[in-house]
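Asks:
In this note's numbering, the protein residues as written are 825 to 1110.
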């Protein structure tokens, strides 16, 4: 299914000669990153493909084996001109690596690795079960740090979180979890495009978990918004630190508040307030 992801994939018209990175087009990469996985209640949950198939920022990293009605379904972001990239989100580097066995044999070979370096804003949060039972995503998110200015809102206005991998989550509570780390601040200033190792003092998480649950700290990374249709953001989990902090994608967030006509209401307003006061940082998604 996903054996040819790297290099240049040729199509007629406007896509001729465009780079095709692990199932996503370079020319539309910001909006193409906004894919999501929908799982019908009672059906199998998504998981990471094994053996390795693609970097986590690609839909090809999700296991869709089985081709049955119970299989998770990936929805692609055909937003077109309705998508507006956030001024706080910029792609600095995007690449995939051919598997050694395919080097020299194929122009478009199997992918054994990939990297996406971005400059943006990360807001710390935790994942919970959506309080509105009719939400198709079944999960939502809560900021890790409370704010006295936060607006209240009805359960139906909690954002939807579509997970790429399975986990175990609790119902959401009325009160945000207490802050346990330094949040919503520049991690190390502007580190973009620096090749040398940089010493960065960052507060470590108390627990580094492979299993995703409500106690796992995740990060909301705003990518953009759909005109009159809500925010688009990636849900990231920190994996390691090298020249840059490295993350994996574990889900996608979509906020429907603006679709209901409330442009500065509830969760949307609370999130954008955090974005406005946070500093940008450069990180890598593997």
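Glycine included, C-beta positions come from ideal geometry on N, C-alpha and C.
With a 10 Å radius around its C-beta and 16 neighbouring C-beta atoms as the bar for buried, classify residue 1052 as buried or exposed.
Replies: With fewer than 16 Cβ atoms within 10 Å of its Cβ, residue 1052 is classed as exposed.
Asks: Is the number of C-beta pairs between the segment 962–982 and the segment 904–921 that are closer than 8 angstroms three or more?
Replies: No, the segment 962–982 is not in contact with the segment 904–921.
Asks: Along the chain, where does the alpha helix (DSSP H) containing residue 913 start, and where does it finish?
Replies: Counting along the chain, residue 913 falls outside any alpha helix (DSSP H), and DSSP gives it neither H nor E.
Asks: Grab me the residues of residue 880's own chain with a C-beta within less than 8 angstroms of its C-beta, minus the 5 sequence neighbours each way, in chain order.
Replies: 872, 988, 1072, 1073, 1074, 1109 and 1110
Asks: Got a sec: is the Cβ-Cβ distance from residue 1061 to anything in chain C below 7 angstroms?
Replies: Note that chain C does not occur in the displayed structure, where there is just one protein chain.
Asks: Using CA coordinates, which residue listed in 1049, 1068, 1103 and 977 is at the minimum distance from residue 916?
Replies: 1068
Asks: Classify residue 976 as buried or exposed, calling it buried when 16 or more other Cβ atoms lie within 10 Å of its own Cβ.
Replies: exposed
Asks: Please identify the residue among 982, 1098, 1036 and 963 whose C-alpha is closest to the C-alpha of residue 1045.
Replies: Of 982, 1098, 1036 and 963, the residue nearest in Cα terms is 1098.
Asks: Under 7 angstroms, do residue 1059 and residue 995 count as touching if we go by C-beta distance?
Replies: No. Outside cutoff.
Asks: What is the rounded straight-line gap between the Cα of residue 877 and the Cα of residue 972?
Replies: Roughly 44 angstroms between the two C-alpha positions.
Asks: In whole angstroms, what is the alpha-carbon distance linking residue 918 and residue 882?
Replies: 12 angstroms
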